[in-house]
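For the sequence shown, our numbering gives the first residue as 164, with consecutive numbering after it.
Beta carbons: idealized from backbone N, C-alpha and C, even for Gly.
Taking it in order: structure first as structure tokens, then the write-up.
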Amino acid sequence: MMRCCGLLTAQNKPVPLKSIEVELEVRDHVATVVSILNYKNKENKPLEAVFVFPLPGDAAVCHFSAKIGQTQIVAEVKEKQKAREEYDDALSSGQQAFLLEESDQSPDIFSLSVGSLPPGESASIRLEYVAELAVQADDGLRFCLPTVLNPRYQPQGSFSLSLLPRNLLIGGLSSVGLVPYSLSFSARVSSPRPISKVESNCSLDPLQYLNTDQTQATVKLAAGHKFDRDVELLIYYKDAHQPTAVVEAGQASAEPGSLMGDPVVMVSLYPEFPQSAMASCGEFVFLMDRSGSMSNTRIRSAKDTLLLLLKSLPMGCYFNIYSFGSCYEHIFPKSVEYSQQTIKESLKKVEQMEANLGGTEILEPLKYIYSQPCIPNQPRQVTHTHTLFWFAVFVGTSQ
164 MMRCCGLLTA QNKPVPLKSI EVELEVRDHV ATVVSILNYK NKENKPLEAV
214 FVFPLPGDAA VCHFSAKIGQ TQIVAEVKEK QKAREEYDDA LSSGQQAFLL
264 EESDQSPDIF SLSVGSLPPG ESASIRLEYV AELAVQADDG LRFCLPTVLN
314 PRYQPQGSFS LSLLPRNLLI GGLSSVGLVP YSLSFSARVS SPRPISKVES
364 NCSLDPLQYL NTDQTQATVK LAAGHKFDRD VELLIYYKDA HQPTAVVEAG
414 QASAEPGSLM GDPVVMVSLY PEFPQSAMAS CGEFVFLMDR SGSMSNTRIR
464 SAKDTLLLLL KSLPMGCYFN IYSFGSCYEH IFPKSVEYSQ QTIKESLKKV
514 EQMEANLGGT EILEPLKYIY SQPCIPNQPR QVTHTHTLFW FAVFVGTSQ
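Below, the structure written as structure tokens:
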């Protein structure tokens, strides 16, 4: 069953979409997506509308606002019950009200109740989120536009294009007429290392470098996008396995010492290990994210990944497993030799892990791990089962 998304009526039918504008900013391994979606009520009666957004994996919404006519609403984070009460009070008094909350079916689906959309009125939804880019086998970083920002065009009364084999979609949509909405998509890429190339499964305008050392570039989706496939970007950097650091300044308007007021340093670690060294020795330390954000499918996927990695370790190596949230735990006091007994004990404890350790505090377990003495002739590899080889470290102004 296909899940509907975008701006929907109370009957789960889509409000007509007019245009989409997406600006992607990639800084090393992290993407910030800024999108504006424009809708219009073509009915002769008001519509109760809800915006539904399936959040991509490893992503977080950082801004959500909507404009209906001259009314501008910006979402604020509040305690769930209080937000629901304020929303109900506003509706009962005849005021325009919005409510952004997680879906009961999945924490990765957010919905925003935008209230009544008058006949002939337009609604503009502005959505911003940040996400980690997935690393591919060929060292490329993959970005894919969510379906709500790149919807498949299905003429009214026709069958769904999603039911067709992918090879039958490549021919385009010339036989079904013009798409009634447009997509504007541009990307800006920056990194401490040079950008070697940007590829896509869709037609792009030529890559434009913004400086001589080729560490900044822009690219746009070429005209004629047919809305018959995903829009994917593959970004390649030179010296991909060299560590890099990106500094984000704190907001000038924020209070010094607060989360938004302090500068942030993102360190990207994507090392390359010789196959000969990996085959016979090594100390493998695994970090399992057990914060509340890892509930449901995320914790299951992370556990499956960890179990696969554990079963793939070479005999004679050393390993240990740490899990973290607001605090951190370890299975063994120090790394142990890989054996049938130690792996059996580890697999049992991994199966029992739940997303029940509160917040997401990765710095303290990392500090503890790297403070431990290395085992002679056993090169250490630290792997985060949720976000491989990159992490964010918050740096206070006093540091």
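Contact check, residue i vs residue j, beta carbons under 8 angstroms
i: phenylalanine 216; j: phenylalanine 273; result: yes
i: valine 389; j: leucine 367; result: Here residue 389 turns out to be lysine, not valine, going by the sequence shown. No, the pair does not count as a contact, with Cβ atoms beyond the cut-off.
i: phenylalanine 482; j: serine 502; result: no
i: aspartate 393; j: asparagine 364; result: yes
i: proline 209; j: serine 279; result: yes
i: alanine 173; j: glutamate 211; result: yes
i: serine 353; j: threonine 407; result: no
i: leucine 397; j: glycine 455; result: no
i: arginine 351; j: threonine 375; result: no
i: glutamate 395; j: cysteine 537; result: no
i: histidine 404; j: glutamate 435; result: yes
i: methionine 423; j: alanine 415; result: no
i: isoleucine 506; j: leucine 473; result: yes
i: aspartate 221; j: valine 409; result: no
i: alanine 518; j: serine 458; result: yes
i: tyrosine 433; j: valine 298; result: yes
Spatially closest choice to residue i from the options, by CA coordinates
i: leucine 167; options: Ser354, Pro426, Arg315; result: Reading off the sequence shown, one finds cysteine at residue 167, where the question assumed leucine. Closest by alpha carbon: Arg315.
i: serine 431; options: Lys181, Pro179, Val193; result: Val193
i: isoleucine 183; options: Lys245, Ser486, Leu346; result: Leu346
i: cysteine 444; options: Met478, Gly521, Leu396; result: Met478
i: valine 224; options: Lys230, Ala415, Ser198; result: Ser198
i: glycine 387; options: Asp301, Val342, Glu500; result: Val342
i: proline 528; options: Cys537, Val545, Asn519, Gln515; result: Val545
i: valine 311; options: Ala518, Val196, Glu492; result: Val196
i: glutamate 186; options: Ala297, Glu524, Tyr531, Tyr292; result: Tyr292
i: glutamate 188; options: Ser421, Glu524, Leu296; result: Leu296
i: proline 281; options: Ile236, Ser255, Glu206; result: Glu206
i: histidine 547; options: Gln535, Ile462, Gly420; result: Ile462
i: tyrosine 531; options: Glu492, Gln244, Gln504, Cys480; result: Glu492
i: valine 213; options: Ala300, Arg247, Glu248, Leu171; result: Leu171
i: arginine 572; options: Glu248, Ile231, Lys360; result: Coverage of the chain is limited to positions 164 through 562, which leaves residue 572 absent and any answer about it impossible.
i: glycine 283; options: Ser534, Ile231, Ser421; result: Ile231
Chain-order list of residues whose beta-carbon lies under 7 angstroms from that of residue i (same chain, five-residue window excluded)
i: proline 219; result: Ala294, Pro309
i: phenylalanine 227; result: Ala238, Leu263, Leu275, Leu290
i: glutamine 377; result: Pro357, Ile358
i: cysteine 490; result: Leu520
i: serine 338; result: Model confidence at serine 338 stands at a pLDDT of 35, short of 50, so the residue's coordinates are unreliable and nothing is read from them.
i: alanine 385; result: Ser366, Leu367, Asp368
i: arginine 329; result: Residue confidence for arginine 329 is low, a pLDDT of 34 falling below 50, so the modelled location carries little weight; the figure read from the coordinates is stated next. If we look at arginine 329 and ignore the five residues flanking it on each side, it has no Cβ neighbours.
i: glycine 522; result: Ser454, Gly488, Ser489
i: glutamate 249; result: none
Nonlocal neighbours in the same chain, by C-beta distance under 6 angstroms from residue i, ignoring five residues either side
i: aspartate 402; result: Arg356
i: asparagine 313; result: Val394
i: lysine 181; result: Asn201, Lys203, Tyr344
i: asparagine 175; result: Cys167
i: glutamate 500; result: Tyr481
Contact belief for residue i with residue j at Cβ below 8 angstroms, rounded distance in angstroms
i: phenylalanine 447; j: leucine 476; result: 6 angstroms
i: lysine 466; j: methionine 516; result: 6 angstroms
i: glycine 169; j: proline 179; result: That pair is no contact at about 10 angstroms.
Min CB distance residue i to chain C below 8 angstroms
i: glycine 445; result: Of the protein chains in this structure there is only one, and it is not chain C.
Cut-off 8 angstroms between Cβ atoms - residues of its own chain near residue i, not counting five sequence neighbours on either side
i: glutamine 371; result: Ala380, Thr381, Val382
i: glycine 335; result: Confidence in glycine 335 is poor, its pLDDT being 35 and thus under 50, which makes the residue's placement unreliable; the coordinate value appears in the next sentence. Correct list, in chain order: Lys389, Asp391.
i: glutamine 233; result: none
- Item | Contact between the stretch 194-205 and the stretch 280-287 (3+ Cβ pairs under 8 angstroms) | yes
- Counting Cβ pairs closer than 8 angstroms, one from the stretch 507-521 and one from the stretch 538-546, do we hit at least three? no
- Task: Could you tell me whether the stretch 442-459 touches the stretch 472-486, where touching means 3 or more Cβ pairs closer than 8 angstroms?
- Result: yes
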